[in-house]
Structure formats: structure tokens, C-alpha cells
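Everything in the sequence shown is counted per the UniProt record's numbering, starting at 1 for the first residue and increasing by one.
Single-structure report; data block below.
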Amino acid sequence: MDAISVIRAKRDRAELTDAQIDWVIDAYTRGEVADEQMSALAMAILLNGMNLREISRWTEAMIRSGVRMDFSSLPLPTTDKHSTGGVGDKITLPLAPLVAACGAAVPQLSGRGLGHTGGTLDKLESIPGWQALLSNDEMMHVLREAGAVICAAGDGLAPADKKLYALRDVTGTVEAIPLIASSIMSKKIAEGTGALVLDVKVGSGAFMKNLADAQELARTMVGLGKAAGVNTVALLTDMSTPLGLTAGNALEVRESVEVLAGGGPADVVELTLALAREMLAAAGVSGKDPETALKDGSAMDHWRRMIAAQGGDPDATLPVAREQHVVTAPATGLLTGLDAYAVGVAAWRLGAGRARKEDPVQAGAGVEIHAKPGDKVTAGQPLLTLHTDTPDRFAYALEALDVDGAVTVAPEGKDFRPTPIVLDRIA
Ligand code: URA
1 MDAISVIRAK
11 RDRAELTDAQ
21 IDWVIDAYTR
31 GEVADEQMSA
41 LAMAILLNGM
51 NLREISRWTE
61 AMIRSGVRMD
71 FSSLPLPTTD
81 KHSTGGVGDK
91 ITLPLAPLVA
101 ACGAAVPQLS
111 GRGLGHTGGT
121 LDKLESIPGW
131 QALLSNDEMM
141 HVLREAGAVI
151 CAAGDGLAPA
161 DKKLYALRDV
171 TGTVEAIPLI
181 ASSIMSKKIA
191 EGTGALVLDV
201 KVGSGAFMKN
211 LADAQELART
221 MVGLGKAAGV
231 NTVALLTDMS
241 TPLGLTAGNA
251 LEVRESVEVL
261 AGGGPADVVE
271 LTLALAREML
281 AAAGVSGKDP
291 ETALKDGSAM
301 DHWRRMIAAQ
311 GGDPDATLPV
321 AREQHVVTAP
331 ATGLLTGLDA
341 YAVGVAAWRL
351 GAGRARKEDP
361 VQAGAGVEIH
371 AKPGDKVTAG
381 QPLLTLHTDT
391 PDRFAYALEA
401 LDVDGAVTVA
411 PEGKDFRPTP
421 IVLDRIA
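Here it is, written out as C-alpha cells:
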């Protein structure tokens with residue numbers, strides 16, 4: 001077997017055989033297939049696609065490149081959620097302790113932000129003392145203590161995906177449905193969860209810009225999950241505008257705590273409850289209703305235990321950026337658009353995200369949102385507050401909001417229908 005014949009086959013639109021797939025993933029993980037060869041193959045896959053058999057074999061080969069975790073010694077069924085990534089998507093933070101409070105165990109392996117979408121680990125690291133890196137024993141300890149754990153995937157889990165994802169990120173090959181589906185599902189299947197709910201984002205702030213592509217991605221991932229014995233369901237949810245009223249690390253932790261305290265923005269609460277109900281149903285748990293667990297303080301109690309078990313201080317004051325800049329409404333009327341991508345890029349440029357994997361992030365940086373689509377606004381009223389420790393970033397962030405036309409104000413009385421949060425469900 002050699003890399004060139006595998007690349008040529010996909011370049012010429014042939015189906016890859018099981019043996020070719022197994023070999024190329026294994027040889028790439030060992031370093032025998034070079035990065036430039038895997039880049040060419042990834043581009044051929046992006047352009048010519050893979051059928052379900054190929055995607056499924058590719059996913060299995062990536063799982064086999066590393067270890068599989070096992071939570072079968074836990075007394076509760078396990079259930080997990082994975083989002084394909086969005087702007088202001090802090091849902092994992094209130095969701096994991098909420099589902100734990102309702103009677104399931106939530107082992108949540110999360111990632112860091114890259115590009116305009118935020119990462120759950122970066123958000124939680126704004127809590128003083130909180131640790132993302134846990135050994136398997138430590139992970140089990142937090143699960144037993146709090147019913148939920150959110151931590152980084154260890155190096156042993158799907159190492160082929162770690163290498164390939166970093167390569168795709170710098171070769172314009174992230175947006176290939178077979179590669180996204182196999183990347184996400186290899187990690188989730190290797191993680192060993194019994195049930196999985198996928199939050200497939202659709203809109204300007206997501207990888208999938210339209211519903212048809214998102215449906216294809218969701219169907220592919222649900223099929224891969226079920227074939228591997230994981231009870232998998234997908235919700236397709238709107239990412240044309242940011243979720244909630246914050247995008248940025250500490251800002252999003254603050255908003256998540258508001259949700260756990262029984263308040264918070266309506267869209268964040270609605271999506272958290274919808275995903276919680278799906279996670280519990282997929283795990284076959286019919287204990288406490290999630291809405292009750294938000295109101296009676298039990299979700300907050302699980303959050304506090306989870307944060308403390310990972311070294312964090314749930315009562316600590318969260319970092320605040322040193323400088324603020326207010327963006328005002330350009331006209332009086334109805335706010336009909338607040339573009340998720342533009343706000344995500346602005347938050348990223350303010351220091352909330354990173355350009356390269358090794359870059360640090362600013363805990364306090366980001367964007368606070370004062371009006372959402374459907375709200376009436378008056379010319380000159382505050383619409384957004386930009387936060388950063390490094391004020392020379394304001395101009396660059398403002399450019400993102402301008403160039404991408406972040407804000408649309410229409411004359412009052414214009415017919416406006418808000419996009420629903422949940423657009424479709426695939427099971
Ligand atoms: N998230 C992943 O883990 N992999 C992808 O390819 C895209 C999003």
C-alpha cells in the first residue's frame with residue numbers, strides 16, 4: 001500500500017477500499033504518510049466526497065488509532081452532547097450539571113476555541129483554579145462527586161483525528177461533511193458514552209451555512225452513532241445570530257450561572273432545556289424535569305460541586321476586561337439582524353479566541369449584546385459593549401462588525417418573524 005495510490009483513487013472519484021482506509025489512517029498516525037500527502041487526500045475527499053461505507057470505516061479506523069474509555073462501572077446511564085460550534089454557545093456549561101441533577105451521568109470531553117467559535121474549556125478556564133486536564137481516575141472521581149465532568153480529551157483518544165484536524169485547519173479542508181462527521185463521531189464513540197445528542201448549528205456563525213447541508217451532516221453522524229451502538233439524536237439549531245447576550249469566556253460563564261440560578265436569556269434557557277430533555281430521553285432516564293432542576297437549585301448545586309471537584313472556586317469573582325467600547329444603534333427602528341459570524345469574529349479579535357493553537361486567550365474579552373433581533377431600538381442607544389485588555393484591538397473588532405454588516409435595523413412596523421431556535425430533529 002502507498003499514499004500516492006490512495007490519493008489518486010480519491011482524486012479520480014473511486015471508492016476507497018476498507019484496506020486502503022485502514023492503512024492510510026494508521027500510517028498517517030505513525031508518521032509514515034506525510035502531512036502533505038494527507039492534505040492532498042483531505043482535499044480530494046472535500047471535492048469528491050465519501051459514501052457511508054467509506055465514512056463509517058474511516059471513523060472506525062480513527063477510533064482504533066487510540067484508546068476507548070469505559071464508564072460501565074458507573075451506577076448511572078451516561079449521556080453526552082456535542083455542538084458543531086457557534087457564537088455565544090455556552091450551553092454545555094449549564095447543561096452538563098442540569099442533566100446530572102436529573103439523574104444521568106455526563107462525561108463531557110470538550111475542546112478549545114479556534115477561529116471565530118468559542119471553546120468550552122477556554123470559557124471554564126476563566127474560573128480561578130479550574131483545571132481542564134484530568135487523568136481517567138480524576139475524571140471518574142469528578143463524575144462520582146458531581147454527576148458531570150467537563151474536561152479535555154486526553155492524548156490517547158482518537159490521536160489520528162487530533163493530527164488530521166490540525167492539518168485540515170490550515171489547509172482549507174475543515175468544511176467536508178465526511179471529515180467533520182468522522183472527526184466528531186470518532187471522539188464521541190471512543191469516549192464511551194451510552195447516549196449522544198448532537199447540536200448541529202445552522203447559519204452564518206456555523207460551519208454549515210444552510211439547512212440542507214446541516215441535515216446531511218446530522219443524518220451522517222446519527223447513522224455513525226447508531227451503527228456503533230450509541231443511541232444518537234440530532235437537533236438542528238439556529239446560529240444566524242449569537243446565542244444569548246454574551247460571546248467571550250468569562251462573560252459566558254457569568255451568563256451560564258444566571259441560567260443555573262433560574263434566570264438568563266430566553267434563547268439560552270430554551271435550548272438548554274430542549275437538549276437536556278433529549279439527553280435524558282436518549283439515556284432512558286425519566287427522573288426530575290429539567291425546568292424544575294433549574295428552579296429548585298439542584299442544577300446549581302451540581303455545577304458548584306463539579307467546579308470545586310476540578311479545583312475551581314465557584315464563588316470567585318470572574319475576570320473583567322480592562323477596557324470597554326460601546327457600539328450604538330445606527331438608526332431608530334426594528335433590529336432585524338445581528339450576525340453571528342460578525343460578532344464571533346469581533347469577539348475573537350478582541351482576544352476571546354486564538355489564531356493559532358498555542359496562543360493564549362483573554363478571559364475577560366468579548367462582546368456583550370444589549371438588543372436582539374425583534375427588539376425595537378433608538379438611534380444612539382447602546383447595542384453592543386466590546387471588552388478587551390488591549391484597546392488597540394477595538395479598531396480591528398469594529399472592522400469585523402462593519403465589513404460583515406453585523407447590524408440590520410429596519411423601519412418600525414416591518415414584518416419580522418424570529419427564526420425558531422430548534423429547526424429540525426433527526427433521529
Ligand atoms: N468539530 C470537530 O471535532 N471536528 C470537526 O471536524 C469539526 C468540528
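Built from N, CA and C at the ideal position, the CB exists for glycine as well.
Just so we're clear, the structure is a prediction, and the values are computed from it rather than from any experiment.
Shown here, Met50 sits in coil according to DSSP, grouped into three states, outside any helix or strand. Within the same chain, Ala276, Pro290, Ala293 and Ala299 come within 6 Å of Leu98 by CB-CB distance, once the 5 residues on both sides are set aside.
Ser183 has its Cβ nearer than 7 Å to a heavy atom of ligand 1. For Val269, the enclosing alpha helix (DSSP H) begins and ends at Ala266 to Ala282.
Note that the C-beta distance between Ser182 and Ile55 is below 8 Å.
DSSP places Thr220 within a helical segment (H, G or I) once states are collapsed to three. The beta carbons of Leu133 and Lys187 sit about 16 Å from each other, so the pair does not count as a contact at 8 Å. For Gly337, the enclosing beta strand (DSSP E) has its first and last residue at Gly333 to Leu338. Within 7 Å of the C-beta of Val174 there is at least one heavy atom belonging to ligand 1. Secondary structure at Pro382: strand, using DSSP grouped into helix, strand and coil.
For the stretch 67-120, the continuous beta strand (DSSP E) assignments of 3+ residues that do not extend past its boundaries occur at 79-83 and 106-110, in sequence order. Taking every protein chain shown into account, the CB of Asp296 has fewer than 16 other CB atoms within 10 angstroms, so this residue is exposed.
Judged by beta-carbon spacing, Gly192 lies within the 8 Å limit of Met69, meaning their Cβ atoms are closer than that value. Taking a contact as a CB-CB distance under 8 Å, the pair Gly119 and Gly129 does not count as one, their CB atoms being some 19 Å apart.
In the three-state DSSP reduction, Glu15 falls in the coil class, being neither helix nor strand. Between the alpha carbons of Leu95 and Thr272 lies a distance of about 6 Å.
Asp137: member of the alpha helix (DSSP H) spanning Asn136 to Ala146, first to last residue. Within 7 Å of the C-beta of Ile180 there is at least one heavy atom belonging to ligand 1. Per DSSP, Ile421 lies in no alpha helix (DSSP H) segment and is marked neither H nor E. Residue pairing by DSSP places Arg425 opposite Leu235 in a beta bridge. When DSSP states are grouped into helix, strand and coil, Lys376 belongs to the strand group.
Here the alpha carbon of Val174 sits roughly 12 Å from the alpha carbon of Ala44.
Per DSSP, the unbroken beta strand (DSSP E) holding Val197 starts and ends at Ala195 to Val202. Around the beta carbon of Arg30, a 10 Å sphere encloses fewer than 16 other beta carbons of the protein chains shown; the residue is thus reported as exposed. Annotation: Glu191 is outside any beta strand (DSSP E); the continuous alpha helix (DSSP H) that includes it extends over Ile177 to Glu191. A heavy atom of ligand 1 is found nearer than 7 Å to the CB of Tyr165. Apart from the 5 residues on each side of it in sequence, Leu398 has no Cβ closer than 6 Å to any other Cβ in its chain.
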